[in-house]
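As given, the protein sequences belong to chains A and B, one line each in that order.
Quick note on this note's numbering: the first sequence kicks off at 10 and runs consecutively.
Quick note on this note's numbering: the second sequence kicks off at -16 and runs consecutively.
C-beta atoms are modelled at their ideal positions from N, C-alpha and C, and glycine is treated no differently.
Comments concern the structure below.
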Amino acid sequence: MAAAEASSLRVREVRKSFPAPDNPLTRRLALDAVSVSLAAGELVSLVGPSGCGKSTLLRLIAGLDLPDSGELLIGSEPINAPSAERGLVFQDPNLFPWLTVRRNIQAGLVARGVLHENRHEVDEFMRLVGLEGFANAYPHHLSGGMAQRVALARALINHPRVLLLDEPLGALDAFTRMRMQDEVLRLWQARRTTMLLVTHDIDEAIYMSDRIVIMTQRPGRIERTIRIELDRPRDRSSSDFLRLRGEILELLHFAGSALADSKN
Amino acid sequence: MLQGEGIRRGEEVSLSSLEVEPPAPAVEPRARIVSSRAVTAKSSPPLLTLLALPLATSIALAIHFLVSKSEPPPETHSYTLFLCGVLAAGIVMTLMQIWWPGLRRWMRDMCPIFAAAVLLMSVWEIITSGLRLLPLPYFPSPAGVLQSLVNDRALLFDSTWHSLILLLSGYALGVLSGLISGICIGWFSPARYWGMPVLKVIGPIPATAWIPLAMVVSPSAVFSAAALIALAVWFPVTMLTASGISNTRASYLDVARTLGAGPAYLIFRVAIPAAIPSIFIGLFMGLGASFLTLVVAETVGVKSGLGWYVSWAQGWAEYGKVFAALIIMAAFFSTIMTVLFKVRDRVLVWQKGMIKW
C-alpha cells in the first residue's frame, strides 16, 4: 500500500504564467488553479485545444519548470527539480543522435551512475520494445515508430514512479499509431506505472485511459473529468466507444466555444 | 574525359565517338551486358579512363623530349625519370585492375584527375622551357623544379620536419585552450558575460599582427611562433565551440535531466557531443589560420621550416627551390587537412548521410 501510495500524483491549485510574447513586461497566465490527482498505477489522458497548457502542466510535473503558486506532490514529496522518478517522453523522440540505440536506452543508467549493476536490464528493455536487432543502429536509421519505442524504453529503464507522455504518438501515421497505442498499453499493464498522457486524439484518449481530463484554453483550467468504464481491450467501433466519443466532442465544442466565437 | 559514375550509356557512346582513339568501341560489348542500373562497382570503366594516365604521360614525355633539347641534360634527368615512373605505374595499374576491383573503382575516380595533372605539367613545360614566355629565373620549368627538389632534399626534409613540429605544437595548444574556453563560455553564463567581449575584441585581430610584439616579449622565436599559431587557432575553435554548446537543443537537456542527469553528464555527455559538428568547423577554420600563421612566422622570425626555406631560396634567386618548397607545402598541408577530415568522419559517424561539407 505504501509503495502504491508513493507513485500517486497530486497537483493542487497550480498557477503558472509566462512573459507575453507580444509584450514582455506583462505576463500571461498559462495555467489557472489547476488541480488533478492520479492514483498509483492509473492511466489518465489530458485533452484540450492546443495552447491550453497541457504541455506546461507536464513540464511542471516533470520538474523542468516551477509553478508560480500551488503544490505538486508525488506520493508525499513535493516536486521541485527534475528526477529520474518522473520519466518524460515527447512527441519528438529526442533520442541522442550521437548514441546508438543501446546507448540511448542505457543513458538513464549512465546518468545515475548505476549502469554496472543494472546492465542486464538494457537487454531486457530492448526486448520489451522489440528492438533487439537494432542495438548498434544510430537514431537516424530508425523509423518514427521505432524511435519512439526507444524513447519509451529509455524512460522506462529508470523504473519511474510516473511516466509523462507529451503527445508521444502525435507524429506517427495512423497505423503505426494504433500499434503503438497497444504497445504502450502492454507496457503499462506489465509495469503498472502511473501514466499521464497528453494527446490531441480523442480516440486515443478513450482507447487508452482510465480517466480523461478535459482542459479549457487560455488560461488553462480543468473543465471536466470523465471516467472510462469500458473493459480492455477496447473496441474502437463499439457503440459505447462511439457514444463516449460523441459526448467528449460535444464537451470539447462546448469547452472550445471561445474558439468558435472568435471564428464567427 | 571526366566520366563520373552517373554518366549514362548514350552520353558515353557520343563521348567516345568524338575521340580519335580506336580502342573505345572495343569496350562496348562488355559494358552492354551490365544493366544500366548496376553500373556500380563491378562494371568496368571505359578503356579511355583506364588508359588516361599512360596516354597523358606519353604525351608529356614526347613534349619533354622535344622541348628539353635546349636544356643541359643533368637539369632534366630527374624529370625524365619521374615521367617514366608515372608511365610505368600507370601501365602496371591498368593491368592490375583486371584482377583487383578495388583498384578499378579507385582508378575510375582518380585517373582523369592524374592525367589532367600530368597534362598541366606539360603545358607548364611548353610555356617555360619551350616557348620561354615567362621570364627566368622566376619561372623555371617543371624539370628544373624537380631537379631542385631532388638536389636539396635533405634541407627540404629538415624544414618540413621543423614546420611539422611547430605547427602541431601550436595547433594542439590552440585547440586545447580553445576547447576549454569555448566550453566555459558556451555553458556558464558568467564566463559568457566576461569572456564574450574579450573574444569579440581580441579574436578578430589576425595572429600575424602580433608578431612585432611577440618578438620582443618572448624568450625565443620558436616559442613565440608556437604561441601565435595557438592564438590563431584559439579564436575560431573557441567561437564555434561556444556557439555549438550554447545552441544545444533544449529538449536534449530536458530529456537528460528527466533521466536523472547531473551537471557533469549534461556538459560532457549531452552538450559537448551535440556541439561536435560545430567544433569541427572551428577545428578546420583554425587549421587554415594555423597554416597561414606558420608560414608568416617562419618567414619573418623563425630560422627554420618551409616558410623560412622559401624566403631563403628567394634571397638567392633560386626560384626552382621556391617552387619545390611550395609543392612540398601543398602536399604537407593537404595531408594534414585530409587527416583531420578522416578524424571527423570517424567521430561523426552518427551523422553519416546528414553532413554535406
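C-alpha gap between residue i and residue j, whole angstroms
i                : j              : result
C67 (chain B)    : F306 (chain B) : 22 Å
M(-16) (chain B) : A98 (chain B)  : Legend: pLDDT at M(-16) (chain B) = 36, less than 50; position of this residue unreliable, no value from coordinates given.
V20 (chain A)    : R241 (chain A) : 27 Å
R88 (chain B)    : P29 (chain B)  : 12 Å
A155 (chain B)   : I166 (chain A) : 40 Å
P84 (chain B)    : M90 (chain B)  : 10 Å
I310 (chain B)   : M93 (chain B)  : 20 Å
N113 (chain A)   : N127 (chain A) : 15 Å
V53 (chain A)    : R220 (chain A) : 5 Å
N134 (chain B)   : G127 (chain B) : 10 Å
R170 (chain A)   : A15 (chain A)  : 8 Å
D132 (chain A)   : A146 (chain A) : 15 Å
W291 (chain B)   : S105 (chain B) : 29 Å
Y62 (chain B)    : P125 (chain B) : 7 Å
V10 (chain B)    : M76 (chain B)  : The predicted model places V10 (chain B) with a pLDDT of 39, which falls under 50 and marks its position as unreliable; any figure quoted below should be read in that light. Looking at the two C-alpha atoms, the distance is approximately 18 Å.
D182 (chain A)   : R111 (chain A) : 25 Å
I70 (chain A)    : I88 (chain A)  : 7 Å
Chain B within 8 Å of residue i, Cβ atoms only
i              : result
L174 (chain A) : no
Y216 (chain A) : no
S78 (chain A)  : no
N103 (chain A) : yes
L151 (chain A) : no
S92 (chain A)  : yes
G84 (chain A)  : no
L205 (chain A) : no
G117 (chain A) : yes
N145 (chain A) : no
L73 (chain A)  : yes
W107 (chain A) : yes
L4 (chain A)   : Given a span of 10 to 273 for chain A in the structure shown, any question on residue 4 (chain A) remains unanswerable.
R111 (chain A) : no
Residue nearest to residue i in terms of C-alpha spacing, selected from the options
i              : options                        : result
G117 (chain A) : A:A160, A:P106, A:I83, A:S247  : A:A160
L38 (chain A)  : A:A183, A:F27, A:L66           : A:F27
E238 (chain A) : A:E192, A:A214, A:F143         : A:A214
L119 (chain B) : B:M320, B:L49, B:Y302          : B:Y302
Q198 (chain A) : A:E130, A:D182, A:S218, A:S246 : A:S218
F99 (chain A)  : A:G139, A:R195, A:H129, A:G153 : A:G153
G284 (chain B) : B:L331, B:L211, B:A204         : B:A204
R68 (chain A)  : A:D175, A:E259, A:A183         : A:D175
F267 (chain B) : B:N230, B:A313, B:A215, B:L49  : B:A215
I250 (chain B) : B:I228, B:A72, B:G265, B:I148  : B:I228
P37 (chain B)  : B:V69, B:K52, B:I96, B:L64     : B:V69
Extent of the continuous beta strand (DSSP E) run through residue i
i              : result
D41 (chain A)  : 36 to 47
F27 (chain A)  : 18 to 28
V285 (chain B) : Run containing V285 (chain B): none; DSSP gives neither H nor E here.
V114 (chain A) : In the sequence on display, residue 114 (chain A) carries Ile and not Val. Not the beta strand (DSSP E): I114 (chain A) falls in the alpha helix (DSSP H), residues 110 to 114.
I223 (chain A) : 220 to 225
T40 (chain B)  : Element bounds for T40 (chain B): not the beta strand (DSSP E) but the alpha helix (DSSP H), 30 to 50.
L206 (chain A) : 203 to 207
G185 (chain A) : It is Thr, not Gly, that sits at residue 185 (chain A) in the sequence shown. Not the beta strand (DSSP E): T185 (chain A) falls in the alpha helix (DSSP H), residues 183 to 200.
L52 (chain A)  : 52 to 56
E232 (chain A) : 230 to 236
Residue i at chain A interface by Cβ criterion, 8 Å
i              : result
T241 (chain B) : yes
S19 (chain B)  : In this prediction, S19 (chain B) scores a pLDDT of 43, lower than 50, which makes its location untrustworthy; the coordinate-derived value is nonetheless stated afterwards. So, not an interface residue.
P118 (chain B) : no
D237 (chain B) : yes
F62 (chain B)  : The question names Phe, but residue 62 (chain B) in the sequence shown is Tyr. No, its Cβ sits nowhere closer than 8 Å to a Cβ of chain A.
P256 (chain B) : yes
K339 (chain B) : Note that K339 (chain B) scores a pLDDT of 45, beneath 50, so its modelled location is shaky; the value from the coordinates is reported in the next line. False, the Cβ-Cβ gap to chain A never drops below 8 Å.
W333 (chain B) : yes
Extent of the continuous alpha helix (DSSP H) run through residue i
i              : result
D175 (chain A) : First-last for D175 (chain A): 171 to 175, but that is the beta strand (DSSP E), not the alpha helix (DSSP H).
F171 (chain B) : No alpha helix (DSSP H) contains F171 (chain B), which DSSP labels as neither H nor E.
I72 (chain A)  : Sequence check: residue 72 (chain A) is Gly here, not Ile. Unbroken run through G72 (chain A): none, as it is neither H nor E.
E108 (chain B) : 84 to 108
R158 (chain A) : 153 to 165
G96 (chain A)  : From DSSP, G96 (chain A) is part of no alpha helix (DSSP H) but of the beta strand (DSSP E) over 95 to 98.
I311 (chain B) : 302 to 330
L214 (chain B) : 204 to 229
E130 (chain A) : 124 to 137
Contact belief for residue i with residue j at Cβ below 8 Å, rounded distance in angstroms
i              : j              : result
S172 (chain B) : S226 (chain B) : With a Cβ gap of about 15 Å, S172 (chain B) and S226 (chain B) do not count as contacting.
T143 (chain B) : F274 (chain B) : Contact doesn't hold; Cβ gap of about 13 Å is too wide.
W170 (chain B) : A257 (chain B) : With 8 Å as the limit, W170 (chain B) and A257 (chain B) do not qualify as a contact, their Cβ atoms being about 12 Å apart.
G269 (chain B) : V181 (chain B) : The pair is not a contact, with the Cβ atoms about 18 Å apart (cut-off 8 Å).
A43 (chain B)  : L102 (chain B) : 7 Å
T241 (chain B) : P91 (chain A)  : 5 Å
Any chain D beta carbon closer than 8 Å to residue i
i              : result
P177 (chain A) : As a matter of chain content, chain D is missing from the structure shown, whose protein chains are A and B.
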